[in-house]
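Here is the structure we will look at.
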Amino acid sequence: MNIPFFKNKKSEEPSLYHDENIADHIAIVMDGNGRWAKKRGMPRIAGHKEGVSTVMNIVKAAVKYKVKVLTLYAFSTENWKRPKSEIDFILRLPKEFLHIYLPELIANNVRIDAIGDMENLPHHTIEAVQYAIDRTRDNDGLQLNFALNYGSRNEILNTMKEMVRDIHDGKLSLDEVDEQQFSRYLYTANLPDPDLLIRTGGEKRLSNFLLWQLAYTEFWFTDVLWPDFSEEEFLNALKEYQQRQRRYGGL
Ligand code: FPP
Numbered sequence: 029m030n031i032p033f034f035k036n037k038k039s040e041e042p043s044l045y046h047d048e049n050i051a052d053h054i055a056i057v058m059d060g061n062g063r064w065a066k067k068r069g070m071p072r073i074a075g076h077k078e079g080v081s082t083v084m085n086i087v088k089a090a091v092k093y094k095v096k097v098l099t100l101y102a103f104s105t106e107n108w109k110r111p112k113s114e115i116d117f118i119l120r121l122p123k124e125f126l127h128i129y130l131p132e133l134i135a136n137n138v139r140i141d142a143i144g145d146m147e148n149l150p151h152h153t154i155e156a157v158q159y160a161i162d163r164t165r166d167n168d169g170l171q172l173n174f175a176l177n178y179g180s181r182n183e184i185l186n187t188m189k190e191m192v193r194d195i196h197d198g199k200l201s202l203d204e205v206d207e208q209q210f211s212r213y214l215y216t217a218n219l220p221d222p223d224l225l226i227r228t229g230g231e232k233r234l235s236n237f238l239l240w241q242l243a244y245t246e247f248w249f250t251d252v253l254w255p256d257f258s259e260e261e262f263l264n265a266l267k268e269y270q271q272r273q274r275r276y277g278g279l
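Everything in the sequence shown is counted per the numbering used here, starting at 29 for the first residue and increasing by one.
Printed below as a string of structure tokens:
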């Protein structure tokens, strides 16, 4: 049975949002959980917990507004510098999220995938994510990518090493190496580059996220902290994207 996220879809569609220039691939740096918690006198992990509900709200909004791919920066290679208790907490969240929401995601045709160095994550995280990947493999709706233990410089370095290895082994010739070929060695091999990058929490930096893939992406920043990020705010980003003129270096 297909349980739609939204009934009466037509009447809820905001007037300014239209079907043209929809950002197919949206990447999000979900920042501000710690500050959200601090403002309320709560421990940082309370912000991460609240951030899980926001993830589901934004996934629903992405389905509603016909986004094709949503890539969420959930844990970076630099996040290992945080206190162990916080790291352990964050790395339990994918399992918690999937335990609660996987049936609803499946019912809505969402396909789950992950990018990053998964091998070095705790076993329970890998197991939960792999289970969701396997269960949703044949879905062809929104692709929901979790960036877990992801770092862009590391990804680029590994790509370079693998290419050199393949050239050495005669599987690839130096003449074949171009941007397309390079992209095929990245975690995002089967994905289009993001059209829109959203960062919540007021900071304006990339934090080692998708450096190669964001070369021509439109950026959109908001001061709203991730746990407070709403469908309405997400829609503001989509609408602004629709106004942007992308020239890719041309005129
Ligand atoms: C950055 O905020 C946030 C993170 C490092 C963790 C992000 C994780 C989630 C939003 C939950 C992930 C959910 C799933 C389902 C995988 P921060 O802690 O740096 O905030 P601060 O800048 O206010 O300190």
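Don't be surprised by glycine CBs; every beta carbon is placed ideally from N, CA and C. Bear in mind the structure is a predicted one, so any value in this text is a computation, not a measurement.
Query	Result
Quick one: is the Cβ of Trp-240 within less than 7 Å of any heavy atom of the ligand FPP?	no
With distance defined between alpha-carbon atoms, name the residue in Ile-226, Glu-260, Phe-237 and Leu-239 nearest to Thr-250.	Ile-226
Indicate whether the contact test is met: 3 or more Cβ pairs, each with one atom in the region 247-263 and one in the region 58-69, closer than 8 Å.	yes
Is any heavy atom in the ligand FPP found nearer than 7 Å to the beta carbon of Leu-121?	yes
Rounded to whole angstroms, how far is the Cβ of Met-146 from the Cβ of Ile-154, which I believe are closer than 8 Å?	6 Å
With DSSP collapsed to three states, give me the class of Gln-273.	coil
Which one of Tyr-93, Val-80 and Ile-73 has the shortest CA to CA distance from Glu-259?	Tyr-93
How many angstroms separate the CA atom of Glu-246 from the CA atom of Asn-136?	28 Å
Following a CB-centred definition, is Val-138 positioned closer than 7 Å to any heavy atom of the ligand FPP?	no
Anyone know if the C-beta pair for Asp-223 and Tyr-178 falls short of 8 Å?	no
How long is the line joining the alpha carbons of Gly-75 and Asn-182, rounded to whole angstroms?	28 Å
Could you tell me the alpha carbon to alpha carbon distance between Ala-265 and Leu-214, rounded to whole angstroms?	27 Å
For Lys-232, which residues from the same chain have a beta carbon less than 6 Å from its beta carbon, with the 5 sequence-adjacent residues on both sides left out?	Phe-249
Taking 8 Å as the threshold (C-beta atoms), are Val-192 and Asn-167 in contact?	no
Taking all protein chains shown into account, decide if Leu-202 is buried (16 or more other Cβ within 10 angstroms of its Cβ) or exposed.	exposed
Please go through the same chain and pick out, in chain order, the residues whose beta-carbon is closer than 8 Å to the beta-carbon of Glu-41, but skip the five residues on each side of it.	Its pLDDT being 48, under 50, Glu-41 is placed unreliably by the model, and the measurement read from it follows with that caveat. Same-chain partners within the cutoff: there are none.
Which residue spans inside the region 170-202 form an unbroken alpha helix (DSSP H) run of at least 4?	180-196
Any heavy atom of the ligand FPP closer than 7 Å to the beta-carbon of Asn-173?	no
Under 8 Å by Cβ, that's how I've got Ser-235 and Ser-104 pegged, so tell me the actual separation to the nearest angstrom.	6 Å
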